[in-house]
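In the order they appear, the protein sequences are chains A and B. Note that the first sequence covers residues 130 to 413 in the working numbering. Note that the second sequence covers residues 616 to 977 in the working numbering.
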Amino acid sequence: MKINIWSILKFFAYIAIIMFFLFPIAWIFNMSFMTNDEILRKVPVLFYEPTFKNYLGLWQGEIAIEGFATMYVYFKQNLINSAILSVGSVSVTLLLGVPAAYAFARYKFKGGEDIAFTLLSFRFAPALLIILPLNLYFSEIGLYDSYFALIWVYQLITLPLLLWIVRGYFEDISPDIEYAYRLDGHSWFQSFWRISIPLAKPGIAAASLLCFIYAWNNFVFALILGSSAIQPVTVGALAFITASAIPYGLIACGIVVSVLPTLILALFIQKYLVQGLSLGAIKG
Amino acid sequence: MAYLNLNNLSKSFKDDKIISNLNAQIDKGEFFVVFGPSGCGKTVLLRLLSGIMMADSGEIKMDNQIINELHPEERDVSMAFQNFALYPHMKAYENIASPLRAKNKNTPEKEIEEKVNEVANLLKIGHVLNQFPKELSNGQKQRTSLARSLVNKPSVVLLDDPLRNVDAKIRFEMRLELPRVLKEFNTTVIYITQDFREAMALGDRIAVLYDGKFNDIDSPKNIYQNPSSLTTAKLFGDPTINNFNATIKKQNDFVEINVNGENFKIKRNTNIQDGDCIVGIRPEDITLSNISSNNSIEVEFRTKTPLNLRIVFLVKLKNGLELLCSTTEEESQLIDEKSRMYISFKDEKSHFFDKETKRNLE
Numbered sequence: 130m131k132i133n134i135w136s137i138l139k140f141f142a143y144i145a146i147i148m149f150f151l152f153p154i155a156w157i158f159n160m161s162f163m164t165n166d167e168i169l170r171k172v173p174v175l176f177y178e179p180t181f182k183n184y185l186g187l188w189q190g191e192i193a194i195e196g197f198a199t200m201y202v203y204f205k206q207n208l209i210n211s212a213i214l215s216v217g218s219v220s221v222t223l224l225l226g227v228p229a230a231y232a233f234a235r236y237k238f239k240g241g242e243d244i245a246f247t248l249l250s251f252r253f254a255p256a257l258l259i260i261l262p263l264n265l266y267f268s269e270i271g272l273y274d275s276y277f278a279l280i281w282v283y284q285l286i287t288l289p290l291l292l293w294i295v296r297g298y299f300e301d302i303s304p305d306i307e308y309a310y311r312l313d314g315h316s317w318f319q320s321f322w323r324i325s326i327p328l329a330k331p332g333i334a335a336a337s338l339l340c341f342i343y344a345w346n347n348f349v350f351a352l353i354l355g356s357s358a359i360q361p362v363t364v365g366a367l368a369f370i371t372a373s374a375i376p377y378g379l380i381a382c383g384i385v386v387s388v389l390p391t392l393i394l395a396l397f398i399q400k401y402l403v404q405g406l407s408l409g410a411i412k413g
Numbered sequence: 616m617a618y619l620n621l622n623n624l625s626k627s628f629k630d631d632k633i634i635s636n637l638n639a640q641i642d643k644g645e646f647f648v649v650f651g652p653s654g655c656g657k658t659v660l661l662r663l664l665s666g667i668m669m670a671d672s673g674e675i676k677m678d679n680q681i682i683n684e685l686h687p688e689e690r691d692v693s694m695a696f697q698n699f700a701l702y703p704h705m706k707a708y709e710n711i712a713s714p715l716r717a718k719n720k721n722t723p724e725k726e727i728e729e730k731v732n733e734v735a736n737l738l739k740i741g742h743v744l745n746q747f748p749k750e751l752s753n754g755q756k757q758r759t760s761l762a763r764s765l766v767n768k769p770s771v772v773l774l775d776d777p778l779r780n781v782d783a784k785i786r787f788e789m790r791l792e793l794p795r796v797l798k799e800f801n802t803t804v805i806y807i808t809q810d811f812r813e814a815m816a817l818g819d820r821i822a823v824l825y826d827g828k829f830n831d832i833d834s835p836k837n838i839y840q841n842p843s844s845l846t847t848a849k850l851f852g853d854p855t856i857n858n859f860n861a862t863i864k865k866q867n868d869f870v871e872i873n874v875n876g877e878n879f880k881i882k883r884n885t886n887i888q889d890g891d892c893i894v895g896i897r898p899e900d901i902t903l904s905n906i907s908s909n910n911s912i913e914v915e916f917r918t919k920t921p922l923n924l925r926i927v928f929l930v931k932l933k934n935g936l937e938l939l940c941s942t943t944e945e946e947s948q949l950i951d952e953k954s955r956m957y958i959s960f961k962d963e964k965s966h967f968f969d970k971e972t973k974r975n976l977e
């Protein structure tokens with residue numbers, strides 16, 4: 130067999146790219162099973178006795194680190210908060226965004242394009258620009274430190290995202306398919322529910338996943354607009370860094386646990402992301 | 616009393632008048648073909664009838680009820696789309712069953728199955744009911760879409776150029792089969808096409824749509840033999856009808872035609888006025904020969920080409936006028952292109968149109 134120099138170079142290029150993206154994750158995963166001592170050793174060790182102390186500590190809310198006082202963390206509550214905020218945000222976004230996307234895709238109404246663009250422009254403003262006024266307003270009207278307020282603010286990020294992605298998918302569905310369904314004798318709502326939504330499902334799934342990731346990873350809004358009672362993992366992880374110690378193992382462990390839900394969701398949604406469902410029913 | 620009445624129907628998009636003051640009466644069980652060039656508003660008309668679009672003015676009466684304001688699902692009308700419009704996420708079976716499920720939520724599954732199988736077998740797609748639309752050939756998609764529009768036995772079936780997107784072989788098959796299938800359902804059919812052969816093969820009556828209204832509504836034979844205007848005459852026939860400006864003069868049973876100094880007589884019993892007009896004569900109504908006769912004129916051979924089992928000759932008169940004549944294969948073999956050629960118009964076959972309005976003068 131002839132060995133092509135390009136194929137060898139390509140092979141090493143792939144390896145380099147994979148290393149670049151996956152090595153940090155692998156290393157963090159590794160760290161989460163080490164003690165602080167092992168992590169901080171000058172020459173990193175590759176072989177060690179894995180410990181589950183970090184995970185156990187995270188679960189129980191307290192962990193003793195050698196040479197320091199016992200640390201207390203609220204990671205479990207943070208994780209629950211993250212779940213409530215993300216699932217809540219995505220649900221609200223789906224409820225509002227999907228019908229809105231359909232309206233923008235199908236109906237030409239006065240100022241329609243302007244409204245759609247205004248919604249998109251919410252994403253142009255840096256979060257830091259609006260966070261202080263928002264904080265003042267929310268304190269004034271008593272929304273500070275509530276799930277509702279955070280889910281509301283998250284819509285600034287998630288709603289335009291979903292709206293613009295799903296709108297494109299609705300536009301790709303031939304209106305004739307919906308008309309055909311109505312001529313069969315179904316109402317408008319039935320055609321929306323049984324034809325438009327299923328056909329736009331890949332788009333809705335992809336957009337929901339992105340929204341979930343954005344909501345899950347949000348840091349700044351949750352940091353300013355809520356107390357520790359409602360703060361998600363992104364903010365909660367700050368508590369790991371104290372004046373007395375930085376428990377790297379615990380942090381690594383927290384990262385692994387907080388990445389898991391997004392990862393599982395992405396794997397689960399993958400099958401809906403398959404394109405080309407609508408190919409072949411329409412000629413031309 | 617006609618079953619379906621269209622009275623002064625109008626529809627425009629912004630300043631673009633697509634359909635203006637269109638009228639028609641369609642009988643129950645009639646196969647009514649709407650024929651017209653592309654972009655003449657055929658599809659818009661179907662959309663008005665189906666309720667996908669609302670008319671600006673005028674009324675649509677079905678069985679003596681005005682249905683203008685009804686939503687598509689409230690009209691007893693079904694439609695097969697030019698692009699099939701099948702539901703990609705449902706199997707062929709579910710596509711066809713859709714109207715049955717909409718009609719009555721409690722229809723027993725067995726009854727649905729019976730009806731779907733019946734119409735599927737009639738259209739010869741019984742073996743593909745378990746496939747998704749993307750797995751079907753264009754012909755099968757077409758039949759599935761037809762089956763869906765027929766399964767519920769609607770009063771009116773609208774067919775939007777259903778044979779446009781299938782290949783020539785299937786188109787021919789369907790042209791033979793469609794009337795038989797539709798007869799079984801005894802419904803009123805409104806069929807849209809831009810192929811005049813299809814229109815003539817299928818229609819009980821043909822309505823010719825251009826300039827936003829029906830310009831002729833008549834049997835295929837009458838429209839072909841006696842078109843109301845030059846435009847209609849041009850739309851029917853391939854190659855298109857010959858037409859040229861001429862001055863005519865009646866002489867008993869004959870009409871003398873003077874075109875650019877060339878004079879010839881044709882046998883034609885008519886009551887039109889002498890004067891300037893446009894003369895139309897179909898290529899197959901011109902006789903070509905190497906022998907001169909009483910009413911023939913000498914022509915010069917230009918070229919010939921086969922078309923639909925006939926041979927079309929392009930010939931030139933001495934005054935420069937070019938005419939198309941078509942002959943059968945056998946006739947063409949008798950003609951020697953290198954010797955002198957003569958043409959004569961067949962008796963009673965020419966048409967006379969007004970120079971300005973292009974209306975038929977008879």
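Every residue, glycine too, gets a C-beta built ideally from N, C-alpha and C. Here the structure is a predicted model, which is why all the values come from computation and not from measurement.
query: Below 7 Å CB to CB, which residues in the same chain sit around residue 408 (chain A) once its five sequence neighbours on both sides are set aside?; result: The predicted position of residue 408 (chain A) is uncertain, since its pLDDT is 41 and thus under 50; a value taken from the coordinates is nonetheless stated next. Same-chain partners within the cutoff: there are none.
query: Are residue 650 (chain B) and residue 809 (chain B) close, meaning C-beta to C-beta below 8 Å?; result: yes
query: Grab me the residues of residue 186 (chain A)'s own chain with a C-beta within less than 7 Å of its C-beta, minus the 5 sequence neighbours each way, in chain order.; result: 192, 379
query: I'd like the span of the beta strand (DSSP E) that includes residue 875 (chain B), first residue to last.; result: Unbroken run through residue 875 (chain B): none, as it is neither H nor E.
query: In terms of residue numbering, what span does the beta strand (DSSP E) encompassing residue 627 (chain B) cover?; result: 619 to 628
query: Under 8 Å between the Cβ atoms of residue 871 (chain B) and residue 864 (chain B)?; result: yes
query: Determine the DSSP secondary structure at residue 407 (chain A), reduced to helix, strand or coil.; result: Confidence in residue 407 (chain A) is poor, its pLDDT being 43 and thus under 50, which makes the residue's placement unreliable; the coordinate value appears in the next sentence. Looking at residue 407 (chain A) - three-state DSSP - the assignment turns out to be coil, as it is neither helix nor strand.
query: Can you give me the start and stop residues for the beta strand (DSSP E) that residue 931 (chain B) sits inside?; result: 925 to 932
query: By Cβ distance, which residues of its chain are closer than 6 Å to residue 690 (chain B), with the 5 residues on each side in sequence left out?; result: 666, 682
query: What residue range does the beta strand (DSSP E) around residue 633 (chain B) cover?; result: 631 to 641
query: Out of B:860, B:744, B:692, point me to the one whose CA is closest to residue 765 (chain B)'s CA.; result: B:692
query: Identify, in the order they occur along the chain, each residue of the same chain with its Cβ nearer than 7 Å to the Cβ of residue 936 (chain B), setting aside the five sequence neighbours on each side.; result: 859, 874, 875
query: Checking 8 Å against the spacing of the C-beta atoms, do residue 848 (chain B) and residue 895 (chain B) come in under that value?; result: yes
query: If you measure from the beta carbon of residue 694 (chain B) to each beta carbon in chain A, is any gap under 8 Å?; result: yes
query: Which partner residues of residue 742 (chain B) appear in the DSSP bridge assignment?; result: Its beta-bridge partners do not exist; DSSP assigns none.
query: I'd like to know whether the C-beta atoms of residue 226 (chain A) and residue 295 (chain A) end up nearer to each other than 8 Å.; result: yes
query: Between the segment 287 to 303 of chain A and the segment 658 to 672 of chain B, are three or more C-beta pairs nearer than 8 Å?; result: no
query: Can you list, in chain order, the residues of the segment 705 to 723 of chain B whose Cβ is nearer than 7 Å to any Cβ on chain A?; result: 713, 714, 717, 718
query: Once DSSP output is grouped into helix, strand and coil, what is the label at residue 166 (chain A)?; result: helix
query: Opposite residue 921 (chain B) in the DSSP bridges: which residues?; result: B:926
query: Counting contacts by CB-CB distance shorter than 8 Å, is residue 309 (chain A) in contact with chain B?; result: yes
query: Can you tell me where the beta strand (DSSP E) with residue 820 (chain B) in it begins and where it stops?; result: 820 to 825
query: Just how far apart, CA to CA, sit residue 655 (chain B) and residue 799 (chain B)?; result: 31 Å
query: Less than 8 Å between the C-beta atoms of residue 283 (chain A) and residue 224 (chain A), yes or no?; result: no
query: Under 7 Å, CB to CB, which of the residues in the segment 276 to 309 of chain A have a partner in chain B?; result: 303, 305, 306, 308, 309
query: Looking only at C-alpha atoms, which of A:354, A:385, A:396 sits nearest to residue 155 (chain A)?; result: A:385
query: Please return the same chain residues whose Cβ sits closer than 8 Å to the Cβ of residue 205 (chain A), not counting the five positions on each side in sequence.; result: 187, 188, 190
query: Taking C-beta to C-beta, are residue 687 (chain B) and residue 308 (chain A) nearer than 8 Å?; result: yes
query: Output yes if chain B places a C-beta closer than 8 Å to the C-beta of residue 316 (chain A); else output no.; result: yes
query: In the structure shown, what three-state DSSP assignment does residue 950 (chain B) receive?; result: coil
query: Which word fits residue 211 (chain A), buried or exposed, when buried means at least 16 other C-beta atoms lie within 10 angstroms of its C-beta?; result: buried
query: Who are the near neighbours of residue 344 (chain A) in its chain, counting only those whose CB is closer than 8 Å to its CB and skipping five residues on each side?; result: 214, 215, 218, 219, 283, 286, 287
query: Would a C-beta distance cut-off of 8 Å place residue 201 (chain A) and residue 299 (chain A) closer than the cut-off?; result: no
query: In terms of DSSP beta bridges, what is residue 340 (chain A) paired with?; result: For residue 340 (chain A), which the question treats as bridged, DSSP gives no partner whatsoever.
query: So, under 8 Å CB-CB, residue 159 (chain A) and residue 376 (chain A) are touching, yes? Tell me the CB distance rounded to an integer number of Å.; result: Incorrect: roughly 16 Å between the Cβ atoms, too far for contact.
query: Mind listing which residues of the segment 319 to 346 of chain A have their C-beta closer than 7 Å to chain B's C-betas, in chain order?; result: 324, 327, 328
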